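With the first letter of the sequence shown counted as 1, position 329 gets the number 329 in UniProt numbering; the numbers rise by one all the way through.
Think of the CB as a built atom: it goes at the ideal place given N, C-alpha and C, for glycine as much as any other residue.
What you are looking at is a predicted structure, and each value in this text was computed from that prediction instead of being measured.
Please read the structure below before turning to the comments.
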Amino acid sequence: MVPTRLASLPLPPSVLQRLALAGYETRADLDGLTPDELGVDLGIEASSATLLLRTVRGECVSAGGGGPWLMPREALSMYEEERAEQRISTCAGELDRLLAGGVQLQKLSEFSGVPGVGKTQLAMQLALAVQLPEALNGLDGDAIYIDTEGSFFAPRCLAMAESLLSQIQDEASRHGSPEQRAEVGALVKSGARAMLGRIHYYRVHDLAEQLAVCHVLPEAIGEIARNAPGRPGRCVRLVVVDSIAFHVRASTELTYAKRLQLVGQMAQLLSHAARRSPCAVVLINQVTTRVNEVLGTSGLVPALGEAWAHMCNVQVSLEWRDDVRLAALSKGGEPGEAQFAVTADGIRSADPSSKLLPPPQPVVAALAPPRLQRWPDAAAAPCADGGYGLFEPLAHGTKRLHEQASSSSSAVENLQPQQLARHRGAPTESRPV
């Protein structure tokens, strides 16, 4: 019997696209799924997933073929869900406050700035911070680091991890709870090198490889959850792309329309991965000069243009002002500025007296249960996200270097699905730091 393809059913194109990105192509692929599982995979409410399953199984049909499952979400529930979610600390108190607690899950957060202002330093610090255990108010998650420029420097990241462990050990010994001291002790015992082992690194050399890695992100995240040594079900909670614009700007043979199409495709793939895991996606971006010929002025703006800016949920500009590093939030929260410093220890507060670990206080319970990841072909163990507790999320991570084997740097303008398939099927190599 020939399986019924979902594309032949009366479903809107946007829903068919979500189903395809999640790996569902036929009606049989949805057999045995619960509404909760499908809702997590597609990033929709369980009630909408219930009606979608009924439509696919032929249990209900609506006039016009639109599908009765297409239901709105309550804005209040979206607001409460965002408030309940933990965030990834930057290890700089002022910058965390600017971001309402840190980098948010399920969002695309862009950090742009001139060379030397600290963009890559911040990306590495976040890749360490995401791994803090739940007892220390962390996410206990791994990080995927997609490096397009070759700017990731493993010895520097190791030094940042060692400094972090030393600082939190010192602060926990003075005012941490017994549970927190035990967690810090376990971190120190495992060591900074083990932290690097939880950063999974992809070095991409052209736009074709960059697109290919974006396509395989769901599979890569699922593989990490299945094959983490000694800890099955470990979740990826952060994806970093450093930088998003480098290969796009270098591909001068692309027309503006084709470039816009590829950028939009990458944003959609990254956004899908952010919602599905759930994880935070941090996009490091370059800057370019924009000239206002009417006013006769010019200024630095994030690269890739206005269309790209609309695809990001959060935008932060890192800049120098009177020899002081400033972060300016322009989208995704209340606009404002915050100072931060790049030190030998990593990203820190501009205030030397600022502590990484605040004094003990009552732990605040999570406002909502975490959204758990479900991966096709494997049952990943739950990774619970706790509520804000005593410690600000700090740094910790591990580095597993994945070399994405890719074909040559052929022109991306004429990429065909078969070419992307070759990238998706290319093996990866893991090597220690």
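- In the DSSP annotation of this structure, the continuous segment of the alpha helix (DSSP H) that includes Gly305 starts and ends at Gly305 to Met311.
- Secondary structure in the stretch 70-107: the alpha helix (DSSP H) runs of 4 residues or longer, each lying completely within the stretch, are 75-84 and 93-98 in chain order.
- The three-state reading of DSSP puts Val236 in strand, counting E and B together.
- Within the DSSP bridge table, the entry for Gln339 names Leu326 as partners.
- Within the same chain, and ignoring the five residues on either side of Ala328 in sequence, the residues whose Cβ sits closer than 6 angstroms to its Cβ are Ser317 and Glu337.
- By the Cβ-count criterion, Pro352 is exposed, with fewer than 16 other Cβ atoms from all chains shown falling within 10 Å of its own Cβ.
- Look at the beta carbons and you see the stretch 182-197 not touching the stretch 210-228: under three pairs across the two are nearer than 8 angstroms.
- Its chain contains Leu6 and Ala7 as the residues whose beta carbon lies nearer than 7 angstroms to that of Leu16, once the 5 sequence neighbours on both sides are disregarded; these appear in chain order.
- Note on the stretch 143-228: whole alpha helix (DSSP H) runs with a minimum of 4 residues are 154-175, 178-190, 192-196 and 207-227, in chain order.
- Spatial neighbours of His272 in its own chain (CB-CB distance under 6 angstroms, excluding positions within 5 residues in sequence) are listed in chain order as Leu21.
- By alpha-carbon distance to Gly23, the top candidate from Met160, Arg276, Gln121 and Gln106 is Arg276.
- The C-alpha of Gly141 is placed about 28 angstroms away from the C-alpha of Glu334.
- Segment contact: the stretch 309-324 against the stretch 116-131, three or more CB-CB distances shorter than 8 angstroms; contact assigned.
- Contact between the stretch 283-294 and the stretch 243-263 is present: 3 or more CB-CB pairs across the two stretches fall below 8 angstroms.
- When Cβ pairs closer than 8 angstroms are counted between the two stretches, the stretch 100-114 is seen not to touch the stretch 194-213, the count staying below three.
- When Ala100, Tyr201, Ser177 and Val103 are compared, the shortest CA-CA separation from Gly150 is found for Tyr201.
- Look at the beta carbons and you see the stretch 157-169 touching the stretch 178-193: at least three pairs across the two are nearer than 8 angstroms.
- Across the structure, Gln131 and Arg203 are spaced so that their CA atoms are roughly 21 angstroms apart.
- Judged by beta-carbon spacing, Thr55 lies beyond the 8 angstroms limit of Thr26, meaning their Cβ atoms are not closer than that value.
- Sequence-distant partners of Cys91 (beyond 5 residues in either direction) whose C-beta falls short of 7 angstroms from its own C-beta, in its chain, are Gln125, Ala129, Gly346, Ile347, Arg348, Leu356, Leu394 and Ala395.
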